[in-house]
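Working notes for the structure below.
Numbering (mature numbering (1 follows the signal peptide of the UniProt record, and there is no 0)), first residue to last: -23 to -1, 1 to 552.
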């Protein structure tokens, strides 16, 4: 009964105070910044060595609770600047009590991730997390863990938080075809995503360069299309990754890119792939056969194509329980298809390459929908200037578009057409940009001294700084109604020049910048951009991620963090 009264008191006090949020930077901060954070009298309280977390049993929440309890008691985080707060004279905090209204809601797009959190300041023995779902409870656990620091361990006392994300889809896309990433590295990525309250691992599994996914119905695809037997993902590997994602509140969204980007399929089935293994940019005036080295596109005119594709779709969906399936459909190359005699004959009979793509979509989209999945396509499928389908073939209730070109303009085109949109604008969210070109024998790099190097040979240069990412508003230029169709965003790491050795530093903490903007925004309570005050918070958060085993790159010299505000420019940061 005493616990119920204490719980009711904190709940009442919390709702009295949530409207009093200020833009104050507190001695201890949480990343991403909660939507409501109230700490009227900053103090801390010791954590009991016998600290416990009580919660309703759940297949995925229970492992998360065990993981966080271990972290909370063992991390002993030492902030770069010791928080200038006094300890309360209260008894050590004995427990964290988690209340979940709905323990049955699955981890799916749109699930409620809100939570409320309170820590006592009056000698009460317990802190509380109130969540609608177990997934919200996991977000609350991460927040609580960031309020804990020091040795002996202590926690911020008298904190009241109410928190929920602005956008429901907050993700990282990783390409594992161009270079392979071992399972342990993918698990570490998911772990870091959970720390940052990101909830979708978009796994670009296959491409022209390799086919690392073992599909039971089509084992030859990986058997001949993977780089080696050691560079494959078995169904057991996928199950481990999906399970780990569930325990961290991260969905795994698989992408099988097709009909372009399928050169790796030709190792097993050369008869269904056009322009496979050709030099990507023939000599003379001939146009390129692909956007980059690694040619090959599925031939929509060959019946066998659909037998193989449908097996791959069925096997992939069987391994990945998420309600979304990404079908790719980007960068169709006209000249690649035109190398094939059957395509040449089709075009000579007044057929068009857009009709070829429509044929492919008409033969594969119904298969995906029949397996109870919503399909995600890259925007090219309807916005390409060369090969595209009529939007009438892609009903918005069944299809989500992912945009990567032309910034807000393409987002506007897609939502105007009624589509839900995931934003991955290359100008802001492509993490591989700024590292130059990966092709050899490139004369652009043989220029006289003093030559303007432009973007350094990177098609999407320059490098996307964390501030560039933080300041991007993914609904820029949209009406309120149109903005409702933007379900979120993803940063993307394409792997022409990346693998597991640089994965952490390429992704973090720049993905953390996006994580905060999609969770609670990039503006303060007055509507002003807050990237100036975010700098010190992100510096501290990056330091803590590193201590948790994530190789996030530094954003400033350590001196800057020890001397807050001294590394800013003299110009106003607000806009």
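Here a beta-carbon is modelled for each residue, glycine too, at the ideal position from N, C-alpha and C.
A quick note: this is a predicted structure, and the numbers were derived from the prediction, not measured.
DSSP state of residue i mapped onto helix, strand, coil
i: residue 90; result: coil
i: residue 191; result: coil
i: residue 109; result: strand
i: residue 121; result: helix
i: residue 378; result: strand
i: residue 541; result: coil
i: residue 232; result: strand
i: residue 430; result: coil
i: residue 578; result: Examination of residue 578 is not possible in this model, given that the chain is present from -23 through 552 alone.
i: residue 175; result: coil
i: residue 143; result: coil
i: residue 421; result: helix
i: residue 546; result: coil
i: residue 294; result: helix
i: residue 311; result: helix
i: residue 180; result: strand
i: residue -1; result: Confidence in residue -1 is poor, its pLDDT being 39 and thus under 50, which makes the residue's placement too unreliable to answer from.
i: residue 96; result: coil
i: residue 239; result: coil
i: residue 250; result: strand
i: residue 627; result: With the chain covering only -23 through 552, there is no way to say anything about residue 627.
i: residue 5; result: coil
i: residue 535; result: helix
i: residue 563; result: With the chain covering -23 to 552 only, the question about residue 563 has no answer from this structure.
Selected residue, minimal CA-CA separation from residue i, among the options
i: residue 233; options: 248, 392, 286, 252; result: 286
i: residue 77; options: 325, 32, 290, 119; result: 32
i: residue 309; options: 276, 298, 323; result: 276
i: residue 437; options: 384, 393, 175; result: 384
i: residue 553; options: 129, 140, 60; result: Any property of residue 553 remains undetermined from this structure, which presents the chain solely from -23 to 552.
i: residue 63; options: 34, 19, 72; result: 19
i: residue 299; options: 397, 341, 200, 220; result: 220
i: residue 472; options: 517, 426, 412; result: 412
i: residue 93; options: 116, 312, 486, 149; result: 116
i: residue 348; options: 360, 301, 317; result: 301
i: residue 30; options: 14, 455, 99, 118; result: 118
i: residue 331; options: 527, 378, 368, 533; result: 368
i: residue 610; options: 452, 179, 55; result: It is not possible to answer for residue 610, since the shown part of the chain is limited to -23 through 552.
i: residue 244; options: 27, 204, 382, 392; result: 204
i: residue 317; options: 291, 268, 253, 295; result: 253
i: residue 246; options: 269, 274, 265; result: 274
i: residue 157; options: 350, 199, 354, 530; result: 199
i: residue 74; options: 270, 121, 335, 537; result: 121
i: residue 359; options: 351, 345, 395; result: 395
Residue interval of the alpha helix (DSSP H) (run including residue i)
i: residue 335; result: 330 to 347
i: residue 447; result: 443 to 447
i: residue 319; result: 318 to 325
i: residue 13; result: Looking at the DSSP string, residue 13 is not in any alpha helix (DSSP H); the run it does join, the beta strand (DSSP E), is 13 to 15.
i: residue 199; result: 196 to 202
i: residue 213; result: 212 to 224
i: residue 386; result: 384 to 393
i: residue 403; result: 403 to 406
is_contact[residue i, chain C] using C-beta, thresh 8 Å
i: residue 546; result: The structure shown contains no chain C; it holds only a single protein chain.
Residue i: first and last residue of the uninterrupted beta strand (DSSP E) it sits in
i: residue 399; result: 397 to 400
i: residue 553; result: What is shown of the chain runs -23 to 552, which leaves residue 553 out entirely.
i: residue 305; result: 301 to 305
i: residue 26; result: 20 to 31
i: residue 353; result: 351 to 355
i: residue 366; result: Segment: none, residue 366 is in no beta strand (DSSP E) and carries neither H nor E.
i: residue 133; result: 131 to 134
Whole beta strand (DSSP E) elements within the segment 456 to 532, 3-residue minimum: 463 to 470
Complete runs of the beta strand (DSSP E) confined to the segment 35 to 79 [at least 3 residues]: 70 to 79
Cβ contact check for the segment 438 to 456 and the segment 481 to 499: 3 or more pairs under 8 Å: yes
Inter-stretch contact (C-beta, 8 Å, three-pair minimum) for the segment 502 to 514 and the segment 537 to 548: yes
The segment 468 to 483 in contact with the segment 417 to 425 per 3-pair CB rule at 8 Å: no
Contact between the segment 1 to 19 and the segment 77 to 87 (3+ Cβ pairs under 8 Å): no
contact_flag[the segment 196 to 210, the segment 253 to 264] where n(CB pairs < 8 Å) is 3 or more: no
The segment 166 to 173 / the segment 126 to 141 touching (three or more Cβ pairs under 8 Å): no
Three CB pairs or more closer than 8 Å across the segment 98 to 106 and the segment 43 to 58: no
The segment 319 to 330 in contact with the segment 225 to 239 per 3-pair CB rule at 8 Å: no
Any 3 or more C-beta pairs closer than 8 Å across the segment 47 to 59 and the segment 191 to 203: no
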